[in-house]
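Numbering (the working numbering), first residue to last: 28 to 480.
Only one structure is covered here, and it is reproduced in the block below.
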């Protein structure tokens, strides 16, 4: 029996609710951190006098850091504990936010790039850890909905930032957004240390002498009976082979490659939209104050889309629903570019695009953790999400170069919407492969003949 089988699945305990609330709150903070450049970009471009390609590098900084955080830092959680990694991650985010405001026209944008990279390292490692903890503490009855809210939390952070902090940048300067991020991240580090419970699966592996005692303490808070011994690992060969090798071996390796290709493609479209949609409309109208309004449209659309996706996913199945949403995302994002920069048309078309586009985040976050055994879970999740950041890193830079080369909104957003079709195909291929595999495993072995020579 796996340790997660001891977790209440129908009526969740207070500890489970607390774990979910803290985890999602941390992702809301991540959403603010990630979206900050989206509504601050016009002010930075104006204050520093940089080209769109240079601005794209600032936008990519957080994604470069998220790549490092997901691939290099997040796997350390399998050694030191996922709660400890959560504390380290939030402290790292606070440090990155502290660096940013020291950039000036004299220093150029490099302090901002460094700030975004450091912040991204914290965000990348935190997302991997939080996703695993959520998958363990969430009951099956509400799993799809919670994971959808988890993905929507990124948009909630962006929404709060664009509505509350965004309008203040016009009078207080872009630096104000970074100082707010620093204070919130410092508070989050304390809250993570005090309130976020440790991963049940990590404790069940007996990494520390007091693992059984700590595990039983958590089970008691969930009103579950104590264990007399640690449960057997859900994979006996992970420790021998190594978690990274497990992620790329056999059928699991095939699933990993499918998810990497799909997530790279999805990130290319997603981060092109989040970074350049608000900035493009603001630049076309020569009005930086429009950028926060567009981030608001993107955020509201993403929140509502993820809630609907979670509701339907619990009934239809996430692996079947995601390709449909991603096809609609391709159509609506292209429509945003074709409709042009006039307001309020741009607001509503971006809202519609975000409604479908953001479902991809919920889909990958819900699917990927289920593909791996416990000891490889943070590694597998971190690898897929981390490598996917290559698409996100490329999107702002390539997009900036495209706009500098004279591309209009119609051409740019149509071209950058197409990778979402690839993401949908990858998820559908995973679904079909898993269904065949499950059917083969369920097929009874043929009876042996009773005769012998």
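Virtual Cβ for every residue (Gly too), placed ideally from N, Cα, C.
Relative to the C-alpha of residue i, which candidate in the options has its C-alpha closest?
| i | options | result |
| --- | --- | --- |
| residue 423 | 55, 39, 61 | 61 |
| residue 295 | 158, 415, 397 | 415 |
| residue 453 | 348, 99, 427, 362 | 348 |
| residue 168 | 341, 412, 144 | 341 |
| residue 212 | 251, 116, 198 | 116 |
| residue 344 | 322, 51, 462, 240 | 462 |
| residue 145 | 79, 88, 350, 309 | 88 |
| residue 277 | 398, 244, 140, 77 | 398 |
| residue 219 | 441, 420, 442, 45 | 45 |
| residue 319 | 193, 92, 176 | 193 |
| residue 74 | 114, 429, 202 | 202 |
| residue 178 | 385, 302, 446 | 385 |
| residue 245 | 235, 236, 134, 230 | 230 |
| residue 377 | 324, 421, 272, 207 | 324 |
| residue 450 | 322, 237, 355, 131 | 355 |
| residue 100 | 312, 412, 314 | 412 |
| residue 215 | 435, 247, 290, 55 | 55 |
Given that a residue counts as buried once 16 or more other Cβ atoms are within 10 Å of its Cβ, and exposed if not, what is residue i?
| i | result |
| --- | --- |
| residue 136 | buried |
| residue 195 | exposed |
| residue 41 | exposed |
| residue 400 | buried |
| residue 107 | exposed |
| residue 263 | With a pLDDT of 48 at residue 263, under the threshold of 50, the predicted position of this residue should be treated as unreliable, though the coordinate-derived value follows. Counting Cβ neighbours within 10 Å, residue 263 comes out exposed, since fewer than 16 surround it. |
| residue 163 | buried |
| residue 105 | buried |
| residue 350 | buried |
| residue 143 | buried |
Cβ atoms of residue j and residue i: under 9 Å apart, would you say?
| i | j | result |
| --- | --- | --- |
| residue 337 | residue 190 | no |
| residue 125 | residue 209 | yes |
| residue 293 | residue 86 | no |
| residue 393 | residue 171 | yes |
| residue 63 | residue 204 | yes |
| residue 274 | residue 403 | yes |
| residue 300 | residue 391 | no |
| residue 147 | residue 96 | yes |
| residue 241 | residue 160 | no |
| residue 302 | residue 65 | yes |
| residue 448 | residue 357 | yes |
| residue 156 | residue 444 | no |
| residue 321 | residue 374 | yes |
| residue 102 | residue 271 | yes |
| residue 368 | residue 429 | no |
| residue 53 | residue 123 | no |
Excluding five sequence neighbours on each side, which residues of the same chain lie with their C-beta closer than 7 Å to the C-beta of residue i?
| i | result |
| --- | --- |
| residue 57 | 150, 153, 154, 181, 184 |
| residue 140 | 84, 85, 88 |
| residue 464 | 278 |
| residue 82 | 68, 71, 72, 427 |
| residue 332 | 381, 382, 383, 385, 386 |
| residue 483 | Here the chain has residues from 28 to 480 only, and residue 483 is not among them. |
| residue 409 | 97, 98, 101, 102, 155 |
For residue i, which residues of its own chain have a beta-carbon under 8 Å away from its beta-carbon, when the five flanking residues on both sides are left out?
| i | result |
| --- | --- |
| residue 379 | 328, 359, 362, 363 |
Keeping to the same chain, check which residues put their C-beta closer than 6 Å to that of residue i; ignore five residues upstream and five downstream.
| i | result |
| --- | --- |
| residue 39 | 166 |
| residue 437 | 364, 365 |
Handout entry: Complete beta strand (DSSP E) runs within the segment 175 to 257 (minimum length 3 residues, chain order)
Key = none
Problem - Every unbroken alpha helix (DSSP H) inside the segment 312 to 375 [4 residues or more] - result: 317 to 343, 345 to 366
Exercise for the section: Identify every run of the alpha helix (DSSP H) within the segment 404 to 477, keeping only runs that are complete inside it and at least 4 residues long; order them along the chain. Expected result: 436 to 444, 446 to 469
Practice task
At 4 residues or longer, and completely inside the segment 50 to 113: list those alpha helix (DSSP H) runs for me, N to C.
Solution key: 79 to 95, 104 to 107
Practice task
Would you mind listing the alpha helix (DSSP H) stretches within the segment 108 to 154 that are 4+ residues and don't spill past its ends, in chain order?
Solution key: 109 to 126
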